[in-house]
Structure formats: structure tokens, C-alpha cells
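Quick note: the sequence shown uses my numbering, first residue 500, plus one each step.
Glycine included, every Cβ here is placed at the ideal spot set by N, Cα and C.
What you are looking at is a predicted structure, and each value in this text was computed from that prediction instead of being measured.
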Amino acid sequence: MSHVKVALVVAAVLIAAVSLLVSNLLVRDLTREEQSRMEVWAEAMSSLTRADENTDLNLVLKVINGNNTIPVIVQDSRGEILAARNVEDDGGFVFWKNRLVQDSIDIAIIEPHTASHKQLLLKLQQKVEQMQQEGYTMKMNLDGAGVQTTLSIFYEPSLMLRRLALYPYIQLGVVALFIVVALLALLSSKRAEQNKVWVGLSRETAHQLGTPISSLMAGVEMLKDLYPDEALVPEMDKDIQRLQLIAERFSKIGSAPALDSEDLRLIIPRVVEYIGRRTSDKVQITTDFPSSSVFVRVNAPLFEWVIENLCKNAIDAMAGVGHINICVRQRGAMVNIEVSDTGKGISKKRWKRVFKPGFTTKQRGWGLGLSLAKRIVEEYHEGHIFVKASEINHGTTFCLQLKADLQDT
Numbered sequence: 500m501s502h503v504k505v506a507l508v509v510a511a512v513l514i515a516a517v518s519l520l521v522s523n524l525l526v527r528d529l530t531r532e533e534q535s536r537m538e539v540w541a542e543a544m545s546s547l548t549r550a551d552e553n554t555d556l557n558l559v560l561k562v563i564n565g566n567n568t569i570p571v572i573v574q575d576s577r578g579e580i581l582a583a584r585n586v587e588d589d590g591g592f593v594f595w596k597n598r599l600v601q602d603s604i605d606i607a608i609i610e611p612h613t614a615s616h617k618q619l620l621l622k623l624q625q626k627v628e629q630m631q632q633e634g635y636t637m638k639m640n641l642d643g644a645g646v647q648t649t650l651s652i653f654y655e656p657s658l659m660l661r662r663l664a665l666y667p668y669i670q671l672g673v674v675a676l677f678i679v680v681a682l683l684a685l686l687s688s689k690r691a692e693q694n695k696v697w698v699g700l701s702r703e704t705a706h707q708l709g710t711p712i713s714s715l716m717a718g719v720e721m722l723k724d725l726y727p728d729e730a731l732v733p734e735m736d737k738d739i740q741r742l743q744l745i746a747e748r749f750s751k752i753g754s755a756p757a758l759d760s761e762d763l764r765l766i767i768p769r770v771v772e773y774i775g776r777r778t779s780d781k782v783q784i785t786t787d788f789p790s791s792s793v794f795v796r797v798n799a800p801l802f803e804w805v806i807e808n809l810c811k812n813a814i815d816a817m818a819g820v821g822h823i824n825i826c827v828r829q830r831g832a833m834v835n836i837e838v839s840d841t842g843k844g845i846s847k848k849r850w851k852r853v854f855k856p857g858f859t860t861k862q863r864g865w866g867l868g869l870s871l872a873k874r875i876v877e878e879y880h881e882g883h884i885f886v887k888a889s890e891i892n893h894g895t896t897f898c899l900q901l902k903a904d905l906q907d908t
């Protein structure tokens with residue numbers, strides 16, 4: 500799995516690097532070409548400015564009108580705008596000395612000092628400032644009638660060149676999206692494989708437990724007949740029933756269990772009674788229930804397993820000495836079940852990690868109890884389980900949230 504991730508990242512980096520390199524080379528070449536075109540266009544403008552009534556302007560106008568992609572603005576030495584082309588939404592038109600010209604034909608005259616004239620000049624002046632800040636400018640010196648004049652030509656990359664410059668970053672986004680999707684697919688595949696192993700192990704455990712449990716049940720029935728007054732026989736019967744319950748729990752993993760409306764005031768005390776008989780007298784377990792019944796739709800054997808796991812973890816955290824309190828409260832359509840202990844606590848950075856499979860602070864154990872509890876609560880009962888509060892050396896509170904069964908309330 501890790502090798503596949505590394506290979507994906509390396510491939511993505513190589514694709515991105517090659518793409519950026521090729522695109523940058525192409526953008527650089529096109530920038531030089533557009534700069535050369537602007538120099539030719541500037542020469543044409545110079546010729547147009549120096550022309551008289553006897554000058555043939557066909558070639559000059561053909562060069563000027565041939566620029567239909569590069570935005571350009573011409574300014575004289577006094578800062579007045581003489582001409583503009585491909586700026587804003589004027590398409591291939593030329594703004595030349597208060598006239599809109601296309602293919603050397605006047606199509607409109609913009610009178611000076613009018614609102615339209617001022618508005619157009621304002622837009623062009625703002626564009627000049629933008630082009631000047633970006634560094635796209637050149638000077639053209641003109642000599643005419645003994646007077647030297649300087650034209651300032653401002654331009655910017657064409658729309659095609661700007662789009663091409665953005666292309667590598669779009670491609671990087673696509674590559675990044677590909678990596679994310681691929682990693683999610685790999686993680687989903689791995690999770691599905693883990694689930695298959697988990698389910699297979701659980702069902703095989705239930706299957707393997709079935710035969711010896713049946714034999715033990717038959718043996719206990721014989722002992723009841725042979726020793727009806729023996730006090731140990733009922734206890735053995737209870738332990739065998741417990742084994743049968745455990746096998747039933749394992750058999751339900753991997754399939755949608757049947758949910759029934761159950762009263763938490765009846766389910767939780769059964770778990771407390773079972774844990775209380777099998778733990779030290781130095782551990783006190785108390786419960787706090789509302790005065791009325793609290794119904795939720797649960798699978799009783801699996802839900803008891805969750806409470807049992809939380810209590811066992813609490814006992815381990817307290818090293819067999821302390822207090823566990825189970826508090827149940829109904830708030831509207833939700834029921835909160837809080838299991839608090841007086842154990843060693845959990846550091847805040849570990850609050851989410853405690854539900855990861857294999858996470859444990861004990862020297863012995865597989866670290867599957869809380870992971871199993873989370874699976875049962877969130878996948879089978881559509882609830883939520885989390886660490887509500889914890890303080891080192893003062894204790895921890897786990898909270899379960901389930902939907903209340905309001906029909907039976």
C-alpha cells in the first residue's frame with residue numbers, strides 16, 4: 500500500500516514538472532513572438548504618424564489591422580492617448596484620434612469632451628496604468644519637421660497566451676484531484692478488505708464456539724440432574740449462557756442486526772450486574788436514570804457489549820480501584836449515555852486515536868474493544884460515540900448518542 504502511494508506521488512510530481520517545463524518554454528517563445536509583433540506594429544504606427552497625403556498607407560494599415568489579438572495602447576509624449584486596439588470589448592477596432600476605425604474605414608466619430616469620449620479615455624488610461632505596472636511597454640522616437648516626438652506603446656499578452664499560462668496550474672489541479680481520488684479508492688479497498696477479514700474472523704469465532712458450548716450445555720443439564728443441590732451448577736450454567744451470548748454477538752458482526760425498541764433502564768442494569776460480579780469490590784458502579792422509561796431502537800446483545808467494553812476499559816484505567824458512573828439523559832429526540840470513570844485519563848491528542856483498531860495503552864490486549872464499540876454504535880445503530888471529557892489522573896467520560904424511540908415514550 501505504501502509503495503503504491505509513493506509511486507502515485509512520484510508520477511504526479513513528474514507529470515507536473517514536465518508539464519510546467521513544457522508550458523513555460525512555450526509561453527516564453529510565444530511571449531517573444533508577440534513582443535516582435537509589437538515592435539513591427541510600433542513601426543507601422545510610427546509610419547502612420549509621419550505619413551502625409553502622398554504616402555501609401557495600404558501596407559501600414561494592413562499591419563495595424565492585422566493585430567486582432569494583442570491589446571495595445573499608444574500614448575504621445577504629453578500623455579494623451581492617440582490610439583488603442585483590442586482593449587476591453589472593442590474587438591479588432593482601432594481608436595485613432597477620436598475615431599473608431601476598422602479596416603481604414605471610419606465607423607464612428609467620438610466628439611472630444613463628450614461623456615462617451617471621457618468614459619473611453621478613462622478606461623484606456625486605467626488600462627495604461629495596469630500595463631505599465633506589468634512592464635509591457637516600449638518607446639518609439641519620431642523625427643518630423645525638426646521636432647523629436649516620443650510615442651509610448653503599452654501592450655499586454657493576448658488572451659490565448661494568458662490562457663496558455665494558466666493551463667499548467669489547471670493541469671496541476673487535475674493531477675492533484677487524480678491523486679486524491681486514487682488514494683481514496685485505495686483506502687476504500689483496504690478498508691473493505693479489513694472489513695472482510697474482521698467479519699470472517701468474527702463469524703469463524705462464533706462457529707468454533709458453537710460446538711463446545713453445546714457440549715457444555717448438555718453437561719450442565721446432566722449435573723443439574725445428578726447434583727440438584729450443588730450451588731456451583733447454576734453459576735456454571737450462567738457462564739455457559741454468557742458464552743452463548745458472546746458467540747451470538749460475534750455471529751452478528753458483518754450483517755445488519757435486528758433492532759428492537761428497548762428500555763435503557765432495563766438493559767444497562769444487566770451489564771452493571773454482570774460486571775459487578777466479576778470485578779473487585781473496590782470498584783463502585785453507579786447508574787443515574789430519568790424517572791421515566793428511555794426507549795431506543797437497539798440490538799440488545801450488541802449494545803450490552805458496548806457498555807461492557809466501556810466499563811472494562813474504565814476498570815483497567817482505574818487499576819481495579821475507583822468509581823464508574825453511567826448517566827442516561829433524554830433531550831428531545833436524542834438520548835445521551837455517559838460512562839465516567841476516575842481513572843488515569845487520556846491526553847487530548849489521543850481522544851480520536853482511542854477508537855483506532857490496535858490502539859491500546861495496556862501491555863496485554865489487542866486494542867479492539869473501543870474500535871468494536873464504535874462500529875456497533877455508528878454503523879449498526881446510526882449513533883455516535885466520542886470522548887466527551889478527560890483529564891490526566893482524574894478520569895474520562897465517554898458519551899454515546901442514540902436516537903430516542905419516541906413511539907414508545
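For ASN824, the CB contacts under 6 Å within the same chain, skipping 5 residues up- and downstream, are THR785 and SER839 in chain order. GLU729 and ARG849 have their C-alpha atoms spaced approximately 49 Å apart. By DSSP's assignment, HIS883 forms a beta bridge with GLN900. Here LEU671 has ALA515 as same chain residues with Cβ atoms under 7 Å from its own Cβ, once five neighbours each way along the sequence are excluded. In this structure, SER546 is the residue among ILE569, THR568, SER546 and THR841 with its C-alpha nearest to the C-alpha of VAL559. In the three-state reduction of the DSSP assignment, HIS822 falls in the strand class.
A contact between stretches requires three or more CB pairs, one per stretch, nearer than 8 Å, and the region 780 to 796 fails this requirement with the region 736 to 746. Here the region 705 to 717 does not lie against the region 755 to 767, with fewer than 3 beta-carbon pairs under 8 Å apart.
About 5 Å separates the Cβ atoms of ALA583 and ILE572, confirming a contact at the 8 Å cut-off. Distance from VAL680 to ALA511 at the Cβ level is roughly 12 Å; contact not present, criterion being Cβ atoms closer than 8 Å. DSSP places LEU581 inside the beta strand (DSSP E), whose first and last residues are 580 to 584. Looking at the DSSP output, THR841 shares a beta bridge with no other residue. Between the C-alpha atoms of GLY844 and LYS723 there is a straight-line separation of about 46 Å. Counting along the chain, no beta strand (DSSP E) covers VAL771; the unbroken alpha helix (DSSP H) around it starts and ends at 763 to 776. Within the region 780 to 812, the complete beta strand (DSSP E) segments of 3 residues or longer fall at 782 to 787 and 794 to 797, listed in chain order. Out of GLN534, LEU620, ARG777 and ILE767, the CA that lies nearest to the CA of PRO656 is found in GLN534. Annotated three-state conformation of GLU890 is strand, per DSSP. By the beta-carbon neighbour count (other beta carbons within 10 angstroms, threshold 16), ARG662 is exposed.
In this structure, the beta-carbon distance from ALA872 to ASN798 does not fall below 8 Å. The continuous beta strand (DSSP E) containing ILE572 extends over residues 571 to 574.
Taking 8 Å as the cut-off, the Cβ atoms of LEU650 and MET544 count as close.
In this structure, DSSP gives MET659 a helical state, which the three-state scheme calls helix. The alpha-carbon of PRO733 is positioned some 11 Å away from that of MET716. Counting only residues of its own chain and dropping the five nearest sequence neighbours on each side, LEU525 has a CB closer than 7 Å to the CB of LEU663. Looking at the DSSP output, ARG828 bridges to ASN835. In summary, ALA684 is exposed, with fewer than 16 beta-carbon neighbours lying within 10 Å of its beta-carbon over all protein chains present. In the DSSP secondary-structure assignment, TYR654 is bridged to VAL571. No Cβ-Cβ contact shorter than 8 Å links HIS883 with GLU890. Per DSSP, THR710 has no beta-bridge partner at all. The residues LEU758, SER760 and ASP904, in chain order, have a CB closer than 6 Å to that of ARG796 in the same chain once the five nearest residues on each side in sequence are set aside. For the pair HIS880 and ARG764, the Cα-to-Cα distance works out to about 18 Å. For ALA872, the enclosing alpha helix (DSSP H) begins and ends at 868 to 874.
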